[in-house]
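When we follow my numbering, the leftmost residue of the sequence shown carries the number 58, and every step to the right adds one.
Heads up, the beta-carbon is just placed ideally off N, CA and C, and yes, glycines get one too.
Every value quoted in this text rests on a predicted model; they were computed, and no experiment measured them.
Please read the structure below before turning to the comments.
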Amino acid sequence: MVKQAEKRYDPKSLEKDVQSFWEKEKIYGKTKKLRSKGEDYYFIDGPPYTSGSIHLGTAWNKILKDFVIRYRRMNNYNVRDQPGFDMHGLPIEVQVEKELGIKNKKEIEDYGVEKFVSKCREFAIKHQKKMTEEFKALGVWMDWHNPYLTITNDYILSAWWTLKKAYDKKLLIQSERVLGWCPRCETALAEAEIEYWDEEDCSIYVKFKIKNKNEYLVIWTTTPWTLPSNIAVAVHPKFDYAKIVMKKNGKEENLIVLDKRVKDVASEGKYDDYYVLEHIKGSELEGIEYVHPLVDEVGYQKNIEHKIVLADYVTDENTGLVHTAPGFGPDDFETGKKYNLPPFCPVDERGIFTEDAGKYAGLSVKDSDKVVLDDLIKKGLLLSEGKITHRYGHCWRCKTPVIYRTTKQWFLKVTELKEKMLKENAEVKWFPEWAGSRRMHDWVSNTRDWCISRQRYWGIPIPLWSCDCGETKFVYKKEDLNIEDLHRPWIDRVTFKCKCSKTMKRIPDVLDVWFDSAVCSWAQLNYPQEKEDFKKWWPCKWITEAQDQTRGWFYSQLGAGVIAFDKVPYESVLMHGWALDESGKPMSKSLGNIIDPLKVADKYGVDSLRFYILSSAPWDDLLFSPEGIKNANRSLSILWNVYVFATTYMALDNFIDIGFEKIENDLKPEDKWLLSKLENLKKNVSENIEKYEIHKACREIENFILEDLSRWYIRLIRDRTWVEEKTKDKIAAYKILYESLKNVALLMAPVAPYLSEEIYRNLTGCISVHMGECPKTNEKFIDAELENRMDAVREITESISFARQKAGIKLRWPVKRIIIETEDKNVKDAVKSLEAILMGQTNSKNVEFGKGAVKENLSSSDFSKGTVYVDTEITEEIKSEGFAREIIRRIQNMRKEANLNVEDFIETCVDTNPEITGLLKKQEKFIKNETRSKNIAFGEVEGVLVKEWEIENEKFVIGVKKVV
């Protein structure tokens, strides 16, 4: 039996009670068991790093996932929902270093690798447990008792098996290349691990003297520290260059620059005048030798022949000549291979110049900038110096500026798999479509070999042992290692005897942490150690992460899947945006704009947070707005008010749900209209969710609650629920309210699981809304014509309201008539068929069609198909009813103030002037019915509650008391 709901929506109390109910009754487990015979649906949770608390972005991500999981379950899918946690890598190491006050790798070695790794494990497990509780606090239902953790031996063995597949296919190679490098973390970084933001840097133009000539090449750079390693100057073979004479202070200089940049260079160098000697094609400059500008400072350069080389990547910006240091730039490195140039790299892992750097040895790369500039100035080779703001790369975890340097690393040759990866990507269903066809396609099209080695401690060790003789051994089975923990430093102590009788030692590197999550679709199934779960579930049906994962997790999974199985491991992807602050800025501690989702949930409720987040288009960035979360809370409060209204009267009448066949003949137009709207809502919500247009589904539900249910239907049926008797009319209204609220609860269950649970359980008596099924559309109840007619009546009602406002007539005061001026047949038909509704909602005594030619006593307002006119004449009958309605409103307010129940009867006393008393006596029966007054006395006032009111400039004293 339906119970009357609490009058006020208190999300904090409600959510606490529902959470307690879920735990006590084990609703999550019962729901999973109920769906266990359904079609299998393999969802993979992209694992967050266990490096701190959750933030708004991770909250959004998990809420999206929880929505889809709940929705699929309500469509009878057997969803595999194992949560995951990424627990290795720099995200953890950097946080542990902060806790220990460690600044670099040497201090880690001094502290002890075993102790450091143990601390990393403790930190990762501690935060995994903390984040689990935080996600659960957001109403996220996952298999929290059985998460996949990337630090377990079984998981590591799955990763090693995958790497062995690459090793066997000769896709795992060691190679010397130029890569992004973090000098603080002292490790190579993949491009996906480099974050870019604007930073001010120096901008210099430098003159390189051509050998045996009084002519200079002019290059531009923002990295003076790389000049000691310059080996060549690159020009574009098809560009036009100019040999020019520059004049300044009576002196002349012969320079070579890009023809179209002559004026710019003249301006940079503050030259007084110039003229062009000749034009030269870039290809004609190839092979010209020049003198290194720092040859005296860097002894290594004395033995190098420095020449002009050709390169297609040279752009027409700055001078059109590119300073080339093969040891410090990826493009430079490739050019160096083409021309057999040495990749001179006199910078160590810490970003410090080595002895090979000559004068600059011992300086950090950034500290050397000023020294290099001073040397160029002394030699008269610095043409100009300035500042520039440009995007510069930083380490994704410690935020140190990245350098590019030559380093020997291990790579997966994914370039050889590019065509297969593109083909597999095309088979994936992407939401939005362009995320796959453009963004992901472009990233894969420009793929480079994947550097998977990292010079760190807390990660999956690369299981390769090598001997001085060059022999290598790949060991990927635990039984071959005879150790309990597969991490460093324990695995480092394992050695093997080589065929040459020497000892093979493990290479010291660990795997790129992105490889950990890349294998999660089979590693969490414990494959290949166990095969059954893999056969049952793999590949994954659906994944979702943020837009940066096209170059991160989406990409790494694709690569690993093609390596291991020649197949992409997921079938569909939803790419969502980033969570930003209200002005569109990323959230950070330094900006002081971080939003704690748990604090928001504590203030407004978890359901409000979820409703707000899910109402935003998933592929757009979420600009968090305090007003937005308030509006979401307001909408849920309105739903609660409807629920309170319904349960209050249903409880009074002991309403029990009945079949439609029992009330079908008693339905009024408003009932049939709401039923039609409800069926269309079911249809639209389902269609939108299947396209992952979850925001549209949420907005459809919200619009139904606010506009159709609360602001219209409740207004239409209020009088029907107020009558004493259990009329067929009343029972029909209850049934429609019941169906509407029950189905809204089912539709809202994945969005607002707590509020939906309360509504559904109270109305239906069923154990849980989450064990219910998504409501199916019943086409027979859809009546498009009725909906269109009701739309017309609602629009006219709104226009009449405007006309009343213009005339200063309140809605409580009836009007003599309204006149509708229109030529539209559909509008006329709508008004005729729904005249009673129009009159009731506009408080009009009569509705007419015609022209509003006579403007006296008429107030007008236009609507889309014509004009409405309101007759403003106040007759004695209108005055009598108007004051009666004013009195009714005040008595109702006093009933609330006295905390009376809806069913309580009262005695009422009213004192006012004799004229108005006479008008009110004519409406005595009306007032009694509307206020549940047994008696109304006019004159001297008494009662438990007495109040004085002023209405239309007239004084009233009203008293009420409960009839015992």
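Would a C-beta distance cut-off of 7 Å place residue 791 and residue 707 closer than the cut-off?
-> Locating residue 791 in the sequence shown gives position 734, where the first residue counts as 1. Locating residue 707 in the sequence shown gives position 650, where the first residue counts as 1. Yes. Within cutoff.
Residue from 995, 219 and 177 with nearest C-alpha to residue 585 | As a working mapping, residue 585 is identified with position 528 in the sequence shown. When only C-alpha atoms are compared, the closest one is 219.
At which residues does the beta strand (DSSP E) containing residue 462 begin and terminate?
-> Mapped onto the sequence shown, residue 462 falls at position 405. It spans 460–469 - the beta strand (DSSP E) in which residue 462 sits, taken as one unbroken run.
Any idea what DSSP makes of residue 262, helix, strand or coil?
-> The sequence position of residue 262 within the sequence shown is 205, counting from 1. Strand at residue 262.
Same chain, Cβ closer than 8 Å to residue 390, neighbours up to 5 away in sequence not counted | Looking up residue 390 in the sequence shown gives position 333. Result list for residue 390: 234, 235, 383, 384, 400 and 463, in chain order.
Tell me whether residue 143 is buried or exposed, calling it buried when 16 or more other Cβ atoms sit within 10 Å of its Cβ.
-> The residue labelled residue 143 in the question sits at position 86 within the sequence shown. Buried, because 16 or more other Cβ atoms sit within 10 Å of the Cβ of residue 143.
Residue 140 and residue 454: beta carbons closer than 7 Å?
-> To locate residue 140, count along the sequence shown from 1; it is residue 83. To locate residue 454, count along the sequence shown from 1; it is residue 397. Taking 7 Å as the Cβ cut-off, residue 140 and residue 454 do not qualify as a contacting pair.
If we count Cβ pairs, one from each stretch, closer than 8 Å, do we get three or more for the stretch 273–283 versus the stretch 415–425?
-> yes
Can you tell me whether residue 683 is buried or exposed, with buried defined as 16 or more other CB within 10 angstroms of its CB?
-> Within the sequence shown, the letter at position 626 stands for residue 683. Answer is exposed; the Cβ neighbour count stays below 16.
Excluding the five sequence neighbours on either side, which residues of its own chain have a C-beta within less than 6 Å of the C-beta of residue 995, listed in chain order?
-> In the sequence shown, the residue the question calls residue 995 occupies position 938. Excluding sequence neighbours, residue 995 sits near 967 and 974.
List the endpoints of the continuous beta strand (DSSP E) containing residue 834.
-> Locating residue 834 in the sequence shown gives position 777, where the first residue counts as 1. That residue, residue 834, is in no beta strand (DSSP E); it is neither H nor E in DSSP.
Residue-level contact to chain B via CB, residue 740, 7 Å cutoff = Chain labels in this structure do not include chain B; a single protein chain is all it has.
Please classify residue 539: is it buried, with 16 or more other beta-carbons within 10 angstroms of its beta-carbon, or exposed?
-> Here residue 539 is taken as the residue at index 482 of the sequence shown, counted from 1. Under the 10 Å beta carbon count, residue 539 is surrounded by fewer than 16 other beta carbons and is classified as exposed.
Measure the Cβ-Cβ separation of residue 348 and residue 295 and say whether it is below 7 Å.
-> Walking along the sequence shown from the start, residue 348 turns up at place 291. Walking along the sequence shown from the start, residue 295 turns up at place 238. No, the Cβ-Cβ distance between residue 348 and residue 295 is not below 7 Å.
Rounded to a whole number of angstroms, what is the C-alpha to C-alpha distance between residue 674 and residue 750?
-> Residue numbering aside, residue 674 sits at position 617 when the sequence shown is read from its first letter. Residue numbering aside, residue 750 sits at position 693 when the sequence shown is read from its first letter. The straight-line gap from Cα to Cα measures roughly 7 Å.
Measure how close the beta-carbons of residue 237 and residue 450 come, nearest whole angstrom, since I'm counting them as under 8 Å.
-> Taking the sequence shown and counting its residues from 1, the one referred to as residue 237 is at position 180. Taking the sequence shown and counting its residues from 1, the one referred to as residue 450 is at position 393. 6 Å between Cβ atoms; contact.
In this structure, does DSSP put residue 491 in helix, strand or coil?
-> For the purposes of this step, residue 491 is taken as the residue at position 434 of the sequence shown. Correct three-state label for residue 491: helix.
Count the other C-beta atoms from every protein chain shown that fall within 10 angstroms of the C-beta of residue 332, then say buried if there are 16 or more, exposed otherwise.
-> Mapped onto the sequence shown, residue 332 falls at position 275. Result: exposed.
Flag this pair as touching only if the stretch 902–909 and the stretch 875–882 have three or more C-beta atom pairs under 8 Å; answer yes or no.
-> yes
Residues of its chain near residue 1020, where Cβ-Cβ distance is below 8 Å and the 5 sequence neighbours each way are ignored = Your numbering for residue 1020 matches position 963 in the sequence shown. These residues qualify, in order along the chain: 961, 962, 963, 964 and 991.
Within 7 Å, strictly: CB atoms of residue 213 and residue 543 = Here residue 213 refers to the residue found at position 156 of the sequence shown. Here residue 543 refers to the residue found at position 486 of the sequence shown. Yes. Within cutoff.
Can you tell me whether DSSP reads residue 504 as helix, strand or coil?
-> Taking the sequence shown and counting its residues from 1, the one referred to as residue 504 is at position 447. Coil, per DSSP.
For residue 303, which beta-bridge partners are listed by DSSP?
-> The sequence position of residue 303 within the sequence shown is 246, counting from 1. Beta-bridge partners assigned by DSSP to residue 303: 310 and 331.
Would you identify the three-state DSSP class for residue 249, choosing helix, strand or coil?
-> Taking the first residue of the sequence shown as 1, we reach residue 249 at position 192. In the structure shown, residue 249 sits in a helix (DSSP, three-state: H, G or I).
Of the residues 287, 738 and 336, which one's Cα is nearest the Cα of residue 302?
-> For the purposes of this step, residue 302 is identified with residue 245 of the sequence shown, where counting begins at 1. Residue 336 is the option with its Cα nearest to residue 302.
Please determine, among 196, 439 and 520, the residue with the shortest C-alpha to C-alpha distance to residue 350.
-> The residue you call residue 350 lines up with position 293 of the sequence shown. It is 439 whose Cα lies nearest to the Cα of residue 350.
Note down the Cα distance separating residue 555 from residue 524, rounded to an integer number of angstroms.
-> Sequence index remark: in the sequence shown, residue 555 carries index 498 (1-based). Sequence index remark: in the sequence shown, residue 524 carries index 467 (1-based). For residue 555 and residue 524, the distance between alpha carbons rounds to 7 Å.
Are the stretch 84–93 and the stretch 158–169 touching by the rule of at least three beta carbon pairs closer than 8 Å?
-> Taking 8 Å as the limit for Cβ pairs, the verdict is that the stretch 158–169 does not touch the stretch 84–93.
Beta-carbon separation of residue 582 and residue 572 under 7 Å?
-> Residue 582 sits at position 525 when you count from the first residue of the sequence shown. Residue 572 sits at position 515 when you count from the first residue of the sequence shown. For residue 582 and residue 572, no; Cβs fall outside 7 Å.
Is the beta carbon of residue 644 less than 7 Å from the beta carbon of residue 653?
-> For this step, residue 644 is matched to residue 587 along the sequence shown. For this step, residue 653 is matched to residue 596 along the sequence shown. Their beta carbons are not under 7 Å apart, which means residue 644 does not touch residue 653 by this criterion.
Which residues mark the beginning and the end of the alpha helix (DSSP H) in which residue 177 is found?
-> For the purposes of this step, residue 177 is taken as the residue at position 120 of the sequence shown. Start and end: 170–194.
Would residue 107 pass as a contact of residue 145 if the rule is Cβ separation under 7 Å?
-> Indexing the sequence shown from 1 puts residue 107 at position 50. Indexing the sequence shown from 1 puts residue 145 at position 88. No, these two residues do not count as a Cβ contact at 7 Å.
Answer with buried or exposed for residue 195, where buried requires no fewer than 16 other C-beta atoms within 10 angstroms of its C-beta.
-> Sequence index remark: in the sequence shown, residue 195 carries index 138 (1-based). Residue burial is scored here from C-beta neighbours: residue 195 has at least 16 other C-beta atoms within 10 angstroms and is therefore classed as buried.
Residue closest to residue 941, alpha-carbon to alpha-carbon, out of 209, 745 and 978 = Locating residue 941 in the sequence shown gives position 884, where the first residue counts as 1. Considering only alpha carbons, the answer is 978.
CB residue 445 to CB residue 324, shorter than 7 Å?
-> Mapped onto the sequence shown, residue 445 falls at position 388. Mapped onto the sequence shown, residue 324 falls at position 267. No, they are not a contact pair.
Pull up the distance between the alpha-carbon of residue 111 and that of residue 102, whole angstroms please.
-> As a working note, residue 111 is residue 54 in the sequence shown. As a working note, residue 102 is residue 45 in the sequence shown. Roughly 15 Å between the two C-alpha positions.
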